[in-house]
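Letter 174 of the sequence shown, counting from 1, is numbered 279 in my numbering, and no numbers are missing.
Note that CB positions come from ideal geometry on N, CA and C, so glycine has one too.
The structure displayed is predicted, hence computed values, not measured ones.
For reference, the structure discussed in these notes is given below.
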Amino acid sequence: MVFCVMTVVVAEAVAMGRTSMLRFTIVLPYVLTSVLATVQGIATAILLQFTHHIGVSIYHDQGDISYAFNTTVQCANGLFLTALPNGTIGCAGINTSTTYFANATASVGADSVGSSLSLMDQVVAITDLIVPVNIFASLANGDLLSIVLFAIPVGIATALSAPRTSDNSVLKLIRQFRTVCIIMLGWLLAFTPVAIVFLMAAAVSTFNSNNISSVMSQVGIFIGAFVAGASIHVLLVLPALLIAFCRVNPFKYLVHLIPRPHAFRLTGVPKGMAIWASMRQVFARWRHAKDTGRVAMDEAQPKAKT
């Protein structure tokens, strides 16, 4: 869908002779929205930092420890893995009553060493994204940078393939693919709430019943943070950018999108870049039609007076 939308936007901009709007329609909104979304996510995480508690290692007495299975696994601290009377697993010494508990969340990946990449490796990796070896693999993997940069020359070539936009069969075909993707996306979003309910039910069922209250509180905090962040980004950040660039009221346009929830769904993901380009194109056409109508009215007034 991103490829179809961006190709149509670029092709129509080239056909209209307004290629200068491409840098504002594609590059600048992508950079601004990415930076603002990142800053907003970091700020939300900092505000909700108090809800995350990091466990610490604890020493306490568990009484006499009996091994429930005839298997010996030595831990990294020299003790041995054993099943405890309360149903948990811990590292304990042989014939001792002292048990060492380690926070599994904090210890996972402690021994792994991240590989450091040089500046040249980073440049080569970015170049591979800009000019991929297999564009179809990039489309399948959802590499946004590769898709957008590939859509630009395709859109320019599509616009130059026919003298008039109305006779451009390739552009009509891409528009039809865009419409098909939007229709299928609407079907998918209709089943999304049901899928989310089943996924959350499967995840919650794996937790211990003693921790269900803590789990539900964490899920509620996560959902609240997501809804708050998405609402601020959609209702405040993006409209502010539209007002700054287009000098129009975007809320009138957003009201018409209420019966189409897929448009709001795409604003929270990279596909929102395509929606931004479409909205920018709609407002550009509206301003062009408004200016054309004003000029026509000004020319008609002297004729009416005579």
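{"Check": "Between Thr232 and Thr112, which are expected to be in contact by the criterion C-beta below 8 angstroms, what is the C-beta distance as a whole number of angstroms?", "Outcome": "Not a contact, Cβ separation roughly 23 angstroms."}
{"Check": "Quick one: any contact between the region 132-145 and the region 328-339, if contact means 3 or more CB pairs under 8 angstroms?", "Outcome": "yes"}
{"Check": "Count the other C-beta atoms from every protein chain shown that fall within 10 angstroms of the C-beta of Ser243, then say buried if there are 16 or more, exposed otherwise.", "Outcome": "buried"}
{"Check": "For Lys376 and Val342, I'd like the C-alpha separation in whole angstroms.", "Outcome": "Per-residue confidence for Lys376 stands at a pLDDT of 48, beneath the threshold of 50, marking its modelled position as unreliable; the derived number appears in the next sentence. Distance between the alpha carbons of Lys376 and Val342 is about 16 angstroms."}
{"Check": "Based on Cα-Cα distance, which residue from Phe327, Leu346, His361 lies nearest to Leu153?", "Outcome": "Phe327"}
{"Check": "Quick check on Asn273: buried or exposed, where buried means 16 or more other Cβ atoms within 10 Å of its Cβ?", "Outcome": "buried"}
{"Check": "When we look at the beta-carbon of Pro237 and count the other beta-carbons within 10 Å, is it buried (16 or more) or exposed?", "Outcome": "buried"}
{"Check": "Have a look at the DSSP bridge pairing and note the partners of Phe185.", "Outcome": "Gln179, Ala197"}
{"Check": "CB Val107 to CB Ile279, shorter than 7 angstroms?", "Outcome": "no"}
{"Check": "What do you reckon, are the CB atoms on Thr284 and Ala120 nearer than 7 angstroms?", "Outcome": "no"}
{"Check": "Which same chain residues, not among the five before or five after Phe296, have their C-beta less than 7 angstroms away from its C-beta?", "Outcome": "none"}
{"Check": "Go through its chain and collect everything with a Cβ distance to Val218's Cβ below 8 angstroms, but skip five positions before and after it.", "Outcome": "Interpretation of Val218 is limited by its pLDDT of 48, a score under 50 that renders its predicted location unreliable; the figure taken from the coordinates is listed afterwards. If we look at Val218 and ignore the five residues flanking it on each side, it has no Cβ neighbours."}
{"Check": "Using a threshold of 7 angstroms, state whether the C-beta atoms of Val115 and Ile257 are closer than that.", "Outcome": "yes"}
{"Check": "For a test of the three-state rule: what should DSSP assign to Val115, helix, strand or coil?", "Outcome": "helix"}
{"Check": "Considering Cα atoms alone, identify which of Glu117, Leu141, Leu224, Asn239 is closest to Phe255.", "Outcome": "Asn239"}
{"Check": "By the three-class DSSP mapping on this structure, what secondary structure does Asn246 have?", "Outcome": "helix"}
{"Check": "Would DSSP call Ile363 helix, strand or coil?", "Outcome": "coil"}
{"Check": "In this structure, how does DSSP classify Asn153 when only helix, strand and coil are distinguished?", "Outcome": "Note that residue 153 is Leu in the sequence shown, not Asn. In the structure shown, Leu153 sits in coil (DSSP, three-state: anything other than H, G, I, E or B)."}
{"Check": "Along the alpha helix (DSSP H) that carries Ala335, what are the first and last residues, could you check?", "Outcome": "317-337"}
{"Check": "Could you check what DSSP says for Pro375 in three-state terms: helix, strand or coil?", "Outcome": "Interpretation of Pro375 is limited by its pLDDT of 47, a score under 50 that renders its predicted location unreliable; the figure taken from the coordinates is listed afterwards. Residue state, collapsed to three classes: coil."}
{"Check": "On the three-state DSSP scale, how would you describe Ser283?", "Outcome": "Here residue 283 is Arg; the residue named in the question, Ser, does not match the sequence. In this structure, Arg283 counts as helix in the three-state DSSP scheme."}
{"Check": "Please classify Thr138 as buried or exposed, where buried requires at least 16 neighbouring CB atoms within 10 angstroms.", "Outcome": "buried"}
{"Check": "Tell me whether the beta-carbon of Thr149 lies closer than 7 angstroms to the beta-carbon of Ala345.", "Outcome": "no"}
{"Check": "Check Met305 in the structure and name its three-state DSSP category.", "Outcome": "helix"}
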